[in-house]
Amino acid sequence: MIPESFINELLNRVDVVDIIDKRVPLKKAGANFVACCPFHQEKTPSFSVSPSKQFYHCFGCGAHGSAIGFLIDHDGLNFIDAVHELAKVAGLTVPNQIDEKPEKKKENLVLEDALILAKKYYQTKLKGSPLAIKYLKSRGLTGEIAKEFSIGFAPEGWNNLNEVFKDYDNDALIKSGLIVKNDKGKRYDRFRNRIMFPIYNAKGQLVGFGGRVIDENDTPKYYNSPETALFQKSYELYGLLAARKAIREKGYVLVVEGYMDVVSLAQHNIRNVVATLGTATTNFHIKKLMRYTPEIIFCFDGDNAGKSAAWRAMNNSLTSVTDEVQLKFLFLSDQHDPDSYVRENSKEQFEGLAKNATPLTEYVIQYLTQNNDLTSQEGRVKFLNEVEPIMDEMASSKLAFLFKKRISVLLDLTLNEIDNLIKVKNKKTLKAPMQQLKRQTISVVKRFVILLILNPKLIEKSDKDISWGESLDEQLAQACISKILVDENHNTASIFHYLSNRFDNEFIDEIKSQALNFDEEISPKDEFVAVRKKIKQSKLQASNKSKLDAIKHKSFDTLTLKKKSF
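With my numbering applied, the sequence shown covers 1 to 566.
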């Protein structure tokens with residue numbers, strides 16, 4: 001892995017304004033630079049780049065990040081490639097801490113190192129397996145596309161990874177999901193006789209594998225790495241790292257059923273495609289995709305399994321879909337998967353199907369009326385009972401209202417009659433708490449942290465001696481203080497990178513948003529001094545209260561002189 005100290009130096013060496021300006025022409029606007037956002041369509045510039053913070057932020061779509069983040073999101077690079085690209089600009093050489101010889105890493109083998117070595121082993125085995133190569137060719141895949149996706153092959157046998165890891169008993173191999181240990185203590189390879197697909201997260205980090213059978217009689221068809229410290233399948237999407245640029249260019253994303261669908265479509269130069277990893281689509285998947293596009297199209301086989309997967313995906317998406325996002329559904333005929341359809345027809349015809357995919361509300365109506373023609377009163381009641389929980393879960397207020405109108409026409413009822421029959425949450429009242437939350441004052445500790453991130457030179461060594469508690473905000477404060485005191489080279493971007501590796505992404509995104517919207521008219525030094533004083537006073541009051549609570553029930557005569565004076 002690339003040392004964090006190097007990332008820190010890199011973010012202090014490069015200028016985010018220069019990096020972005022080469023790709024998106026910027027104009028000076030006060031202390032910052034602005035442009036129309038490259039991540040969404042707009043006519044008035046809302047994309048701002050701050051040379052002092054070394055950060056960019058779009059006030060329209062919320063996109064934000066450092067120079068590394070921009071290359072990942074704009075150029076479609078993975079984290080490693082983005083670092084190498086910036087290193088060239090800065091004239092730095094990226095250090096490589098991964099030892100290719102596993103016998104030298106017995107004592108400090110870490111999960112990602114293990115996965116990287118296994119990936120290289122699987123790739124080597126693919127080259128030496130005529131059976132695996134024949135299978136990939138039968139699916140229309142070339143060597144170039146297999147190399148692009150780092151596809152490999154896990155051969156038959158129980159202990160093949162012994163060839164790679166001399167210390168086969170190392171617990172890191174179990175924790176990374178490469179090795180299984182049964183009840184009797186016997187260890188064996190998890191993946192055997194399968195085509196191997198490496199799974200990367202949004203940072204370009206290898207987090208696990210998916211394995212697909214070669215022999216169609218073997219089960220299960222797809223087999224993933226287990227949940228590990230690196231890999232949580234309900235959060236990750238196969239192919240997203242490579243697809244991001246194409247998703248933005250096309251304006252929509254296709255969500256398919258398996259890794260082979262992603263790779264096969266890429267072979268046909270259809271690259272705005274991702275797949276879930278052996279689990280139903282989750283609201284986390286939807287939120288992740290919404291960062292890149294307002295249009296999400298689920299593409300499933302037309303068999304019963306595909307229809308069931310689509311219905312689960314719809315239900316799991318309702319609470320995440322906003323009025324700005326369109327959810328659509330595309331079903332292929334029983335005899336086709338995406339690859340076979342494109343091969344029999346054409347790329348253009350497949351993309352035409354995608355453009356004409358069924359919108360969310362129409363899909364729901366089609367699904368609920370396929371075995372219910374609504375000709376009887378009982379059938380209409382059944383339909384209302386089934387659609388009620390769906391409407392209740394919809395986070396999109398405008399879509400929910402128009403859906404209600406569509407149902408009223410379908411059942412020949414007025415809107416008032418629909419309201420009386422279907423009890424759902426008022427979508428307007430749901431939004432009030434969110435607006436109220438935005439108006440809430442930032443906590444004093446968060447204000448301390450934000451001021452420190454924006455102005456690291458304000459720190460004092462005594463800040464680390466404040467009696468910090470265990471709350472998330474105070475853990476964040478301690479992390480910031482440690483980072484700045486230990487490392488003299490720091491700016492806003494490098495501090496945020498450091499924090500993003502130690503705290504939940506959503507929490508850090510919230511801090512970023514608050515920092516980027518911070519009032520720059522105030523004097524940071526005066527404000528920081530006042531906030532620090534307030535925190536210290538609060539801690540002193542809490543300490544005094546604790547001491548008082550400890551002695552107030554004791555006899556005055558039993559107290560020490562110090563406690564009596566207190």
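Positions of the beta carbon are idealized from the N, C-alpha and C atoms, including for glycine.
Residue L277 holds the alpha-carbon nearest to the alpha-carbon of P198 among G251, E156, L277.
Residue range 360-369 is occupied by the alpha helix (DSSP H) that includes Y363.
Listed in chain order, the alpha helix (DSSP H) runs fully inside the stretch 3-78 are 4-13, 16-21, 67-75, counting runs of at least 4 residues. Contact between C61 and C37 holds: their C-beta atoms lie close to 6 angstroms from each other, under 8 angstroms. A Cβ-Cβ separation of about 5 angstroms places F331 in contact with G302 under the 8 angstroms criterion. If you ignore the 5 residues before and after P226, its C-beta comes within less than 6 angstroms of the C-beta of G177, all in its own chain and listed in chain order. Under the DSSP definition of a beta bridge, N356 lacks any partner. Taking C-beta atoms as the reference points, G76 and K245 count as a pair closer than 7 angstroms. Residue nearest to E4 within the set I19, A493, D419, V34 is A493 (criterion: CA-CA distance). Cα atoms of L161 and P130: separation of roughly 20 angstroms, rounded to the nearest angstrom.
DSSP, read as helix, strand or coil, puts L458 in helix. DSSP links M196 through a beta bridge to G152, G211.
Restricting attention to F191, L136, N455, the CA atom closest to the CA of D339 is found in L136. Rounded to whole angstroms, the gap between the alpha carbons of G208 and A310 is 25 angstroms.
When DSSP states are grouped into helix, strand and coil, Q335 belongs to the coil group. One Cα belongs to D337, the other to L240, and the distance between them is close to 20 angstroms. As for any alpha helix (DSSP H) of minimum length 4 sitting wholly inside the stretch 260-345, the runs are 283-290, 304-317, 338-344, ordered along the chain. The Cβ atoms of G306 and F300 lie closer than 7 angstroms to each other. In terms of CA proximity to V83, F6 leads the group A202, K28, F6, G152. Under the DSSP assignment, R139 falls outside any alpha helix (DSSP H); it carries neither an H nor an E label.
For the 7 angstroms CB-CB criterion, Q335 and L141 do not form a contact.
Per DSSP, N224 lies in no alpha helix (DSSP H); the unbroken beta strand (DSSP E) holding it starts and ends at 222-224. Under the three-state reduction of DSSP, I179 is assigned to strand. When DSSP states are grouped into helix, strand and coil, R447 belongs to the helix group. For V49, the closest alpha carbon among the candidates C58, P294, K347, D169 is that of C58. Put simply, the backbone Cα of N32 is about 10 angstroms away from that of K53. Rounded to the nearest angstrom, the gap between the Cα atoms of N544 and I484 is 30 angstroms. By the neighbour-count definition (other C-beta atoms within 10 Å, threshold 16), Q370 is an exposed residue.
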